[in-house]
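In our numbering, the protein residues as written are 30 to 254.
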DNA sequence: GACCAGGCACATC
DNA sequence: GATGTGCATGGT
């Protein structure tokens, strides 16, 4: 087991959970809403995503069939508050088109598909990268996949858990190899890391009051990963 | 007014 | 294979 900081990922999880409590992720009332949110939140503040999802709901368009049938301009208009609305409209369409053509837009048809197969299929869709695919797998489809994001990378690098040149797959492997394969744990851990990141782990870090401030770290010199 | 946010694809070298 | 750039809104 790697203990470069003297702390295991399980112990770090406990520090975060004790400090912040349960985060109740993913915010979203249905599986499909979570899937849409995963695309809309790309490089965007969640409050902007909420507005876009609100627009889709108000227009009665938060269903696979509606998004499938909407023209690009109308979809882009509805999701405008989430930013990058033209590119995200295409990405949502690509995802929903795949869901229709391959699985007839029925989530139950995904249940028996192995996680690896599903992940590869999602990654093959233009506009769905590793973080978006993994967010869908974990939060919408309840698969035990750890979601890595910029905050995860910053925390792991700054506390010496991994080298700063680590890529997405290496970071994911770090967490998945050291933690039990547990959907609820992966759900809460990622959400807690986002909470940590928002409060303390920005590109210009704040340390005072950080639940991890007593861990050996190099925050002052740490790269803005 | 600058910085940042729960990325990704594509062009260029 | 690594690096740079476009995509865009809204909060701090």
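Ideal Cβ placement from N, Cα and C applies to all residues, glycine included. A quick note: this is a predicted structure, and the numbers were derived from the prediction, not measured.
### Query
Which value, in whole angstroms, describes the spacing of the CA atoms of residue 176 and residue 113?
Here residue 176 refers to the residue found at position 147 of the first chain. Here residue 113 refers to the residue found at position 84 of the first chain. Approximately 22 Å between the Cα atoms of the pair.
#### Entry: Backbone CA spacing between residue 61 and residue 137 [nearest angstrom]
Sequence index remark: in the first chain, residue 61 carries index 32 (1-based). Sequence index remark: in the first chain, residue 137 carries index 108 (1-based). Looking at the two C-alpha atoms, the distance is approximately 12 Å.
### Task
Below 6 Å CB to CB, which residues in the same chain sit around residue 172 once its five sequence neighbours on both sides are set aside?
Translated into the one-based positions of the first chain, residue 172 becomes position 143. So the list reads 144 and 166, once near-sequence residues are dropped.
### Query
On the three-state DSSP scale, how would you describe residue 137?
On the first chain, residue 137 is found 108 positions in, with the first residue counted as 1. Helix at residue 137.
### Message
What does the Cβ neighbour count give for residue 201, buried or exposed, with the cut at 16 atoms within 10 Å?
### Response
As a working mapping, residue 201 is identified with position 172 in the first chain. The residue is buried, with at least 16 neighbouring Cβ atoms inside 10 Å.
### Query
How should residue 239 be labelled, buried or exposed, when 16 other C-beta atoms within 10 angstroms of its C-beta is the threshold for buried?
Looking up residue 239 in the first chain gives position 210. The residue in question, residue 239, is buried, as its Cβ has 16 or more Cβ neighbours within 10 Å.
#### Entry: Buried versus exposed, by CB contacts within 10 Å (16 or more), residue 57
Taking the first chain and counting its residues from 1, one reaches residue 57 at position 28. Label assigned to residue 57: buried.
### Query
Quick one: complete alpha helix (DSSP H) runs, 4+ long, within the region 187 to 247?
Along the length of the region 187 to 247, whole alpha helix (DSSP H) runs at least 4 residues long occupy 197 to 207 and 212 to 229, reported in chain order.
### Query
For the alpha helix (DSSP H) that residue 3 lies in, which residues bound it at each end?
Limits of the chain in this structure are 30 at one end and 254 at the other, which puts residue 3 out of reach.
### Message
Tell me which residues share the same chain as residue 38 and place their Cβ nearer than 7 Å to its Cβ, disregarding the 5 neighbours each side in the sequence.
### Response
Position 9 of the first chain, counted from the first residue, corresponds to residue 38. Excluding residues within five positions, the ones whose Cβ falls inside 7 Å are 204, 207 and 208.
### Query
Taking three-plus beta-carbon pairs below 8 Å as touching, is the region 38 to 52 in contact with the region 211 to 220?
yes
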